[in-house]
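Okay, so here's the structure we're looking at.
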């Protein structure tokens, strides 16, 4: 019984191949038929575009005409906005009705008056269409031209007013589909209807702002203990303030310290740098200067910018006061560094590695296409046992959000998106959320009608899917059903399954293979590397800027969505993650342990035949050392060829067992979901606990990096990345030939000489083997 339950759990979290009814893969004269939305199933819709009306009658009593339109199809009713005091209103709004829900034979478009004094329903006329007579429109056909239709009364008599509409049958490939009112979201009304539509978001282009504070001159110190008072530099950009280290009171202090910020294009903000005297809790400004970012030098290489002396002025205390200038100055180097890539994602799950400056970006190497088909078996996320699900997918700076399917545990999206690919060793992330902005959701920190503070429902996460592009074969369509696994305080739960279709296409295989020899990050990351603490701080800044930018979009992407997509809690200590990383390391070292045990068995003559055979093999190697390297590479070559038969056919997915999510205790999960800083009582306890978690998070990253490096070595022959394995197998073949004809002593001499070469003959950039190994996939793709 236990084995059956274990097998059932394994099947529940497994990846399943599917066969959706998609048009991709059709071949005409040897070429694939290029069609839009060919990775998703076509969904027929009835579209109705209400453009404008003219010559509408005014109300006989109020002499007002506030018209609006209702589009009725059975029990579904869509409504336009009401136009006040006009007889020639213009709406230009599209309504979409799913064809599989159509149960009526007639589509009614009714014009009504909002001010219905003396009129029970405000009826002003209607236009009807028979469903069977509606034409079919297939893109790339031009949009159907709207026409004027005479309004009729309820008895079919023609009225004086006219309505311009167009009605057609189409699919989700129609250009009016994204902005249309959908029958799937009929329950979301009013302002909330905007939160149900599909949108594409572009994250801001981010740059690193480096403020190198060198020294101050002629500071006017306050009389606070004389030379014992401390002074420090404070830089403020937007709502973020950074401080330098404190110095003893001195009129000419010297720091030579970098303050790193993240700035977003366009550079409309200003940097405020001030010299403060006092302590971290109470301090007073000795002077400040304001530097507009649009005047800051752009830097794309390691050449240091020129140092500039900035005159300090006394900050304004009141609005009407004038700035007081004096002789104090501050020497700084300020630059916008475009040679870095601003790391806003977890490093192992990066979807973009290009530098900030467009001048350094290389052309794309391929195209990634993603079809988000449907989900099945979703868990109810709201108290009334229903789910309003939508998907968010991120790759590079492009975020996509599907439309929200209201009150459905088996939503069908069938939306397709495309991204340019610049580096194959990147990851696309797809997450399913429950929409918390519908059904009367409130804004965070808002107030209801009674004046009481309320909180809106957050967009709850349902599950996440990651797909590493290097594990995909070129031009192959992967159609699989991925389990949606969510980790709660009660443990890991399967929240349903999502069906995706993925295809990577590249016009030139040579361009793709060349990327394996290139550095993973831009050159500046190796010439002027940033510390781990700087990267953590800058990553939090980048996430905050992205969140603020997406809050200004409509519909918004909330903070919890951005944080979960960017894995903002990936470096926080968790006992579950610690055990999982330790398990990865022990699994990696199990081979060495096995070799050590076998050597010990040989040494103690556990098996005489094995010991004698090993001894003669050792003598053979001693007398014929030239056979060592050819034999090693021959073995690796044979293993690589043999494992081709059992190469992975499916993309890697979340592994509950690898993540130790199936064995995590309630206490461990409570610790993992504990916010940072901790919510537990006791100030001293909280400080010690948070300090421990911060240090443990660093240890966790080191453990993860060690495991990742070893797994990358294993993946050389695993065919997880088929292109890389082909390159390595070819390298082994060439190495066999070279090592066979070149004496072993010569190879060892060249190798040691190369390793011990003088520094002047070394290169600043990583070597090709190092770049190649860093691009190998690892089991981190399957970590929750």
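Residue numbers (full-length UniProt numbering): 1 to 784. Just so you know, even glycine gets a beta-carbon here, dropped at the ideal spot from N, CA and C. None of these values were measured; they are calculated from a predicted model.
Residue i versus residue j - alpha carbon distance
i, j, result
"residue 556", "residue 538", "23 Å"
"residue 625", "residue 744", "7 Å"
"residue 423", "residue 342", "16 Å"
"residue 567", "residue 488", "16 Å"
"residue 356", "residue 338", "5 Å"
"residue 521", "residue 599", "41 Å"
"residue 484", "residue 494", "6 Å"
"residue 582", "residue 723", "30 Å"
"residue 530", "residue 509", "34 Å"
"residue 335", "residue 458", "39 Å"
"residue 100", "residue 184", "11 Å"
"residue 547", "residue 374", "27 Å"
"residue 358", "residue 269", "21 Å"
"residue 309", "residue 284", "22 Å"
"residue 783", "residue 658", "7 Å"
"residue 297", "residue 429", "35 Å"
"residue 109", "residue 167", "10 Å"
"residue 781", "residue 464", "12 Å"
"residue 53", "residue 161", "7 Å"
"residue 17", "residue 501", "10 Å"
"residue 734", "residue 473", "24 Å"
"residue 377", "residue 492", "16 Å"
"residue 49", "residue 81", "14 Å"
"residue 604", "residue 476", "53 Å"
"residue 38", "residue 23", "5 Å"
"residue 602", "residue 643", "29 Å"
"residue 443", "residue 552", "Low per-residue confidence applies at residue 443: pLDDT is 46, beneath 50, and the placement is therefore not dependable, though the value from the model is reported in the following sentence. Roughly 14 Å between the two C-alpha positions."
"residue 379", "residue 392", "18 Å"
"residue 785", "residue 705", "This structure leaves residue 785 out entirely; the chain is present only between 1 and 784."
"residue 231", "residue 766", "41 Å"
"residue 449", "residue 192", "Since pLDDT at residue 449 reaches only 37, below the 50 mark, its modelled position is unreliable, and no value is offered."
"residue 76", "residue 132", "18 Å"
"residue 543", "residue 468", "22 Å"
Assumed close pair residue i, residue j - CB separation to whole angstroms, cut-off 8 Å
i, j, result
"residue 286", "residue 261", "So it is not a contact: roughly 22 Å between Cβ atoms."
"residue 437", "residue 390", "Rounded, the Cβ-Cβ distance is 10 Å, inconsistent with contact."
"residue 418", "residue 367", "6 Å"
"residue 773", "residue 513", "That pair is no contact at about 15 Å."
"residue 171", "residue 45", "7 Å"
Unbroken alpha helix (DSSP H) run spanning residue i, endpoints
i, result
"residue 753", "744-755"
"residue 560", "559-565"
"residue 201", "Note, residue 201: premise wrong, no alpha helix (DSSP H); beta strand (DSSP E) at 199-202."
"residue 762", "Segment: none, residue 762 is in no alpha helix (DSSP H) and carries neither H nor E."
"residue 738", "722-741"
"residue 551", "532-551"
Residue i beta carbon near the ligand COA (any heavy atom closer than 6 Å)
i, result
"residue 91", "Annotation note on the ligand COA: not contained in the displayed structure, which lists no ligands."
Residue span of the beta strand (DSSP E) that contains residue i, given as start and end
i, result
"residue 678", "Residue 678 -> no beta strand (DSSP E), and no H or E assigned at all."
"residue 493", "491-505"
"residue 665", "No beta strand (DSSP E) holds residue 665; DSSP gives it neither H nor E."
"residue 98", "90-98"
"residue 13", "Looking at the DSSP string, residue 13 is not in any beta strand (DSSP E), and its letter there is neither H nor E."
"residue 208", "206-217"
"residue 102", "Looking at the DSSP string, residue 102 is not in any beta strand (DSSP E), and its letter there is neither H nor E."
"residue 79", "76-79"
"residue 49", "45-54"
"residue 311", "308-314"
"residue 342", "Premise fails: residue 342 is in no beta strand (DSSP E) and is neither H nor E."
"residue 123", "123-130"
"residue 291", "283-292"
Min CB distance residue i to chain D below 7 Å
i, result
"residue 435", "The structure shown contains no chain D; it is built from a single protein chain."
- Three CB pairs or more closer than 8 Å across the segment 606-613 and the segment 709-717: No contact exists between the segment 606-613 and the segment 709-717.
- Task: At 3 residues or longer, and completely inside the UniProt domain "C2" (349-482): list those beta strand (DSSP E) runs for me, N to C.
- Result: Runs found: 366-376, 389-395, 398-401, 412-421, 427-434, 460-468.
- Taking one C-beta from the segment 688-703 and one from the segment 571-584 each time, how about it: are there three or more such pairs within less than 8 Å? Yes, the segment 688-703 touches the segment 571-584.
- Three-pair Cβ contact test at 8 Å for the segment 89-98 versus the segment 67-75: These segments touch.
- Message: So, does the segment 160-176 touch the segment 291-307, judging by three or more C-beta pairs under 8 Å?
- Response: No, the segment 160-176 does not touch the segment 291-307.
- Message: To test your reading of the DSSP string, which unbroken beta strand (DSSP E) runs of 3 or more residues are found completely within the segment 230-281?
- Response: Correct list: 230-237, 240-243, 254-264, 270-278.
- Message: Give the list of continuous alpha helix (DSSP H) stretches no shorter than 4 residues that lie fully inside the segment 568-618.
- Response: If only complete runs of 4 or more residues are kept, the segment 568-618 shows the alpha helix (DSSP H) at 575-603, in order along the chain.
- Query: Any contact of the segment 735-753 with the segment 667-674, i.e. 3+ C-beta pairs under 8 Å?
  - Reply: Short answer: they don't touch.
- Message: Taking 8 Å as the cut-off, does the segment 385-400 touch the segment 344-354 (at least 3 CB pairs, one atom from each stretch)?
- Response: As far as the Cβ criterion goes, the segment 344-354 touches the segment 385-400, which means the pair count is three or higher.
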